[in-house]
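Undergrad:
Protein chains: 2
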Amino acid sequence: MATRTVELELKPRVMLGEVRAMGPGKADLLELIEETGSISAAAKRMKMSYRRAWTLVEAMNGAFKTPLVEASTGGAGGGGARVSEAGKEVLALYRRMQAELEMVARQYLAGFQQRL
Amino acid sequence: MATRTVELELKPRVMLGEVRAMGPGKADLLELIEETGSISAAAKRMKMSYRRAWTLVEAMNGAFKTPLVEASTGGAGGGGARVSEAGKEVLALYRRMQAELEMVARQYLAGFQQRL
DNA sequence: TATCGTTATATCCGGCAGGACATAACGGCA
DNA sequence: TGCCGTTATGTCCTGCCGGATATAACGATA
Numbered sequence: 358m359a360t361r362t363v364e365l366e367l368k369p370r371v372m373l374g375e376v377r378a379m380g381p382g383k384a385d386l387l388e389l390i391e392e393t394g395s396i397s398a399a400a401k402r403m404k405m406s407y408r409r410a411w412t413l414v415e416a417m418n419g420a421f422k423t424p425l426v427e428a429s430t431g432g433a434g435g436g437g438a439r440v441s442e443a444g445k446e447v448l449a450l451y452r453r454m455q456a457e458l459e460m461v462a463r464q465y466l467a468g469f470q471q472r473l
Numbered sequence: 358m359a360t361r362t363v364e365l366e367l368k369p370r371v372m373l374g375e376v377r378a379m380g381p382g383k384a385d386l387l388e389l390i391e392e393t394g395s396i397s398a399a400a401k402r403m404k405m406s407y408r409r410a411w412t413l414v415e416a417m418n419g420a421f422k423t424p425l426v427e428a429s430t431g432g433a434g435g436g437g438a439r440v441s442e443a444g445k446e447v448l449a450l451y452r453r454m455q456a457e458l459e460m461v462a463r464q465y466l467a468g469f470q471q472r473l
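Going down the list, the sequences are from chains A and B. Count along the first sequence from 1, then add 357; that gives the number in the working numbering. Count along the second sequence from 1, then add 357; that gives the number in the working numbering.
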């Protein structure tokens, strides 16, 4: 039978009161900024507007004690952005949590699957 | 220090392709329908429009092999709705998963907290 | 057969998240 | 000192989710 894909979508978000400090989108963005050294390049890869990427970065930096992304304007290449040590640590922590959550969820997949 | 509340928000969704078969909102609704025996009463308790509640029910019933909610119109009291056996089982499964996921997440809370 | 409360739908609207543009500002470097 | 690519913002627009509202259908019971 043509079984449509059944999957568990968990998008853990770290909330600081009402504001979303970290989530799947921000994590991906963080990763790409680290990789490209630029917010705009990272945005392009994620096919999101620079506007939005910048907004996400601001939200992260505003929420955490230490900025996760340090950006600079002008200069060689026009500027750029780098992920701070704190940023790398937070990203790693989030990824680990994500992986563990997915492992747990996977164990329930079959249970749902047979009813869908 | 006035520490704003830091929490992990995980809203696991069971996806059947693109459609959301089960999620936190639907689970709550299901629970309230079971409790009240009525979609509209459940909707009221959740402070959501009957329109939306009904839409959610339809989505669930459409996604699962066996309808999770069985509704009837007319008759004594105008009609009503009950949660099927399948519905109760799916709900229980979802709740168990949710609880386990929350336990895992909780272990990461402190890690984020100290950086927020 | 008239009543009543709930299910079942359609239609109209408002809020808001996010994309598309448009511009500054910035600071190495040729 | 002009060029360039990136960061930093503001503004407009649109799609969509969900609320509000309005009926119709329904069927046990008095």
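Glycine residues also receive a C-beta, built at the ideal position from the N, C-alpha and C atoms.
Any chance you could list the beta strand (DSSP E) runs of at least 3 consecutive residues sitting entirely within the stretch 387-467 of chain B, in chain order?
TA: Whole beta strand (DSSP E) segments, 3+ residues: 426-430, 436-440.
Undergrad: Using a C-beta cutoff of 8 Å, does M403 of chain A count as contacting chain B?
TA: Numbered from 1 along the first sequence, position 46 holds the residue referred to as residue 403 of chain A. For M403 of chain A, the answer is no, since every Cβ of chain B falls outside 8 Å of its Cβ.
Undergrad: Below 7 Å between beta carbons is the criterion; list the residues of the stretch 435-458 of chain B that meet it against any residue of chain A, in chain order.
TA: Here the close residues are A443, V447, L450, M454, E457, L458.
Undergrad: Mind pulling the chain B residues with CB within less than 7 Å of R361 of chain A?
TA: Position 4 of the first sequence, counting from 1, holds the residue named residue 361 of chain A. Correct list: L373, G374.
Undergrad: Along chain B, which residues have their Cβ under 8 Å away from the Cβ of R370 of chain A?
TA: Along the first sequence, read from residue 1 onward, the residue named residue 370 of chain A stands at position 13. In chain order: L365, E366, L367.
Undergrad: How should R408 of chain A be labelled, buried or exposed, when 16 other C-beta atoms within 10 angstroms of its C-beta is the threshold for buried?
TA: Locating residue 408 of chain A in the first sequence gives position 51, counting from the first residue. So R408 of chain A ends up on the exposed side.
Undergrad: Leaving out five residues before and five after E391 of chain A in sequence, what residues of the same chain have Cβ atoms less than 6 Å from its Cβ?
TA: The count along the first sequence starts at 1 and reaches residue 391 of chain A at position 34. Closer than 6 Å at the Cβ level, and outside the excluded window around E391 of chain A, lie V440.
Undergrad: Assign K317 of chain A to buried or exposed, taking buried as 16 or more other Cβ atoms, counted over all protein chains shown, within 10 Å of its Cβ.
TA: Residue coverage of chain A in this structure runs from 358 to 473, which leaves residue 317 of chain A outside it and unanswerable.
Undergrad: Note down the Cα distance separating V414 of chain B from Q470 of chain B, rounded to an integer number of angstroms.
TA: Mapped onto the second sequence, residue 414 of chain B falls at position 57. Mapped onto the second sequence, residue 470 of chain B falls at position 113. Near 37 Å, if we compare the C-alpha coordinates of Q470 of chain B and V414 of chain B.
Undergrad: Going by beta carbon distance, what residues of the same chain come within less than 7 Å of D385 of chain A, once the five residues before and after it are set aside?
TA: Locating residue 385 of chain A in the first sequence gives position 28, counting from the first residue. Excluding residues within five positions, the ones whose Cβ falls inside 7 Å are M403.
Undergrad: Out of curiosity, what's the CA-to-CA distance linking G382 of chain A and A400 of chain B?
TA: The residue given as residue 382 of chain A occupies position 25 in the first sequence. The residue given as residue 400 of chain B occupies position 43 in the second sequence. About 31 Å.
Undergrad: Just the chain B side, please: which residues come within less than 8 Å of L473 of chain A by C-beta, in chain order?
TA: Taking the first sequence and counting its residues from 1, the one referred to as residue 473 of chain A is at position 116. Here the neighbours are V371, L373, A378, A420, F421, K422.
Undergrad: Which residues does DSSP list as the beta-bridge partners of R375 of chain B?
TA: Locating residue 375 of chain B in the second sequence gives position 18, where the first residue counts as 1. It is worth fixing the name first, because residue 375 of chain B is Glu in this sequence and not Arg. In the DSSP output, where bridge partners are listed per residue, E375 of chain B has none listed.
Undergrad: Short check: CB of M454 of chain A to CB of A410 of chain B, under 8 Å?
TA: For the purposes of this step, residue 454 of chain A is identified with residue 97 of the first sequence, where counting begins at 1. For the purposes of this step, residue 410 of chain B is identified with residue 53 of the second sequence, where counting begins at 1. Contact: no.
Undergrad: Once the 5 residues before and after S406 of chain B are set aside, which same chain residues still bring their CB inside 7 Å of it?
TA: Taking the second sequence and counting its residues from 1, one reaches residue 406 of chain B at position 49. Around S406 of chain B: A400.
Undergrad: Thinking M417 of chain B and E364 of chain A are a contact (beta carbons under 8 Å), I'd like their distance in whole angstroms, please.
TA: In the second sequence, the residue the question calls residue 417 of chain B occupies position 60. In the first sequence, the residue the question calls residue 364 of chain A occupies position 7. The pair is not a contact, with the Cβ atoms about 17 Å apart (cut-off 8 Å).
Undergrad: Using a Cβ-Cβ cut-off of 8 Å, state whether G382 of chain A counts as contacting chain B.
TA: Taking the first sequence and counting its residues from 1, the one referred to as residue 382 of chain A is at position 25. False, the Cβ-Cβ gap to chain B never drops below 8 Å.
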